[in-house]
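Residue numbers (the working numbering): 16 to 352. The beta-carbon is built from N, C-alpha and C at its ideal position, and this holds for glycine as well. Worksheet: the structure to be examined is printed underneath.
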Amino acid sequence: MTLRSVRHRRPLLLGAGAALLADRALPHLTLSRPALAQAPWPAGQTVAVVVPYAPGGASDVVGRLVTQGLQERLGGTFVMEHKPGASTSLAARHVARARPDGSTLLLGTVATFTLTPLAFRNPGYDPVADFTHVTMVCETLSLLVANPRWGSLAALLAAARAKPGQLAYATWGVGTTAHLPMLDLMARTGTDMLHVPYNGAPPAMTDTIAGRTDCMFALLAACRGHLEGGRLRGLAVPTATRPAPLPEIPTFGELGIPDFTWTGWYGVQGPPGLPEPIQARILGALTAQFSDPRTQAFMAGQGLAPSPMGQAPILARIRRELDANKGLMARAGLEPT
C-alpha cells in the first residue's frame, strides 16, 4: 500500500484527542466506608496518582474516578498530580523511578505504553519491565466518522478504491490513535487515502465537517454532538459489539471487516517491585469502583467503557499492541525520533 501523507510536526501528546472528553462533574458515589484493617498501606498517607496530561478532559475524569474509588475504599488521601510533557513520558519516567512503597502511582494510557515507546528511540523507560502494571480501569470509545455526503462505509471505501489517494482522512497527528487505525483499515480494505494531520482534534473535526477532508477516527465524547446534529455521520465502530452509547452504528465486523477493534484505555501502574499486598488492595478497590453500576452509567455518558481488570489482561494488551503498532508504523515509514 502506498501511503501519501501530509507531514506536520509530531504532536507533543500522542493520542491528544483524548483531552477533548467532556470534563463534567463526577457523580458522588456515597458508600458505607468499610472498617479499615490495620494494614501497612495506605495507613493514612497521601498517595499521588500521577496524570501524564495537563488538567482537564478525559484524564481528569478517569483520574478522579480512580482517586475517589481508592480513597473511599482504602482510606488515606489520594490526589492527582499532573505531569504533562514529552508525549506522556515525563510522568512515566517519574513513576518508574519512584520508591515502590505505594506513595506514587501512574494513571497510564495507551499512548504511554504502546505509542510513545515506538515514537522515540529513547523514551526513558521500558513499557513492561519498568512498571508494576496493576490493572486497566476503562476504555475510550471511538468510531469512524465522515462528512455527511458519505452515506455508508461501503460507499466511502468504494470511492477510495476507485480514486486512490484522492480521498483524505484527518487525524490529530502522525502516529496517534487516530492515525494508526486508518493505516490498519486501509491495509485491510486495499484502499489508499491521503493523510492530513492536524495539530489537535478540533481542527481535524472542523475540516471533516466542512468537507475539506472526508473522514476520521474520533472519540465518541468529542463528536457526539456533531453526530446528533447531523454534521457528521457515524460509519462504523471498532469494537467487537455495538457499545451501549452507539446502538444504531454497526461494527466493522458487521460490515465485513472482522476482528477490527481499536479502543484507547487507561490503567493504573506503580514503580517496579510494588509489593503484592499493595497491588491487591489497589486492584480490589478499583474493581469495586469500576464495576459499580453508577460509575458505569456515568462512564457511558463520557464515552468510556468497562475494561478487563487485573495484571494479566493489561500486560497482554500492552505486548499485543506494541507488536501491532510497530508493524503499522513501519508500514507507514514512521521512524523513531
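- Task: Would you kindly report the start and end of the unbroken alpha helix (DSSP H) that includes residue 110?
- Result: 104–111
- Less than 8 Å between the CB atoms is what I'm expecting for residue 261 and residue 234, so what's the real figure, rounded? Incorrect: roughly 12 Å between the Cβ atoms, too far for contact.
- Query: Should the stretch 118–127 be called in touch with the stretch 276–291, which here means at least 3 C-beta pairs below 8 Å?
  - Reply: yes
- Cβ-Cβ distance between residue 359 and residue 90 below 7 Å: One cannot answer for residue 359 here, as it falls past the ends of the chain, which runs 16 to 352.
- Item | Same chain only: Cβ atoms within 7 Å of residue 203, ignoring 5 sequence neighbours per side | 272, 275
- Would you grab the beta carbon distance between residue 319 and residue 115 for me? Rounded to a whole angstrom, and I think it's under 8 Å. Actually they are not in contact, since the Cβ atoms of residue 319 and residue 115 sit about 29 Å apart, beyond 8 Å.
- Message: Which residue marks the beginning of the beta strand (DSSP E) containing residue 299, and which one marks its end?
- Response: Segment 291–306 is the alpha helix (DSSP H) holding residue 299; no beta strand (DSSP E) there.
- Task: Kindly list the residues whose CB is nearer than 7 Å to the CB of residue 152, restricted to its own chain and excluding five residues on each side of it in sequence; keep chain order.
- Result: 77, 81, 281, 282, 283, 301, 305, 322
- Task: Say whether chain C places a C-beta atom closer than 7 Å to the C-beta of residue 304.
- Result: The structure shown contains no chain C; it holds only a single protein chain.
- Item | Identified DSSP bridge partners for residue 153 | 281, 321
- Message: Here's the rule I'm using: 16 or more other beta-carbon atoms within 10 Å means buried, otherwise exposed. How should residue 137 be labelled?
- Response: exposed
- Boundaries (first-last residue) of the beta strand (DSSP E) holding residue 183: 183–186
- Message: Considering only the alpha carbon of each residue, which of 106, 267, 195 lies closest to residue 342?
- Response: 195
- Using the C-alpha atoms, what's the distance from residue 176 back to residue 168? 12 Å
- Message: Looking only at its chain, what residues have a beta carbon closer than 6 Å to the beta carbon of residue 211, apart from the 5 residues adjacent to it on each side?
- Response: 21, 183, 185, 228
- Message: Is the separation between the beta-carbon of residue 140 and that of residue 111 shorter than 7 Å?
- Response: yes
- Query: Can you give the Cα-Cα distance for residue 158 and residue 252, rounded to whole angstroms?
  - Reply: 4 Å
- To the nearest angstrom, how far is it from the Cα of residue 62 to the Cα of residue 172? 49 Å
- Where are the alpha helix (DSSP H) runs, 4 residues long or more, that stay fully inside the stretch 227–263, in chain order? 235–243
- Task: From the DSSP output, in three-state form, read off residue 67 for me.
- Result: coil
- Answer with buried or exposed for residue 350, where buried requires no fewer than 16 other C-beta atoms within 10 angstroms of its C-beta. exposed
- Give the straight-line distance between the Cα atoms of residue 345 and residue 336, rounded to the nearest whole angstrom. 14 Å
- Task: Would you please state the rounded distance, in angstroms, between the beta carbons of residue 232 and residue 197? I believe it to be under 8 Å.
- Result: 6 Å
- Query: Measuring CA to CA, which of 135, 188, 166, 154 is closest to residue 316?
  - Reply: 154
- Hey, out of 180, 224, 74, 327, whose CA is closest to residue 244's CA? 224
- How far does the alpha helix (DSSP H) with residue 197 in it reach, from first residue to last? 194–204
- Message: Excluding the 5 residues flanking residue 255 on each side, which residues of the same chain have their C-beta closer than 8 Å to its C-beta?
- Response: 266, 268, 276
- Would you mind giving the Cβ-Cβ distance between residue 106 and residue 65, rounded to the nearest angstrom? I have them listed as a contact below 8 Å. 5 Å
- State the DSSP-derived secondary structure class of residue 142, mapped to helix, strand or coil. coil
- Item | Best match in 338, 295, 308, 340 for proximity to residue 149 [C-alpha to C-alpha] | 295
- Item | Close-in-space but distant-in-sequence residues of the same chain around residue 242 (CB under 8 Å, 5 per side omitted) | 160, 248, 249
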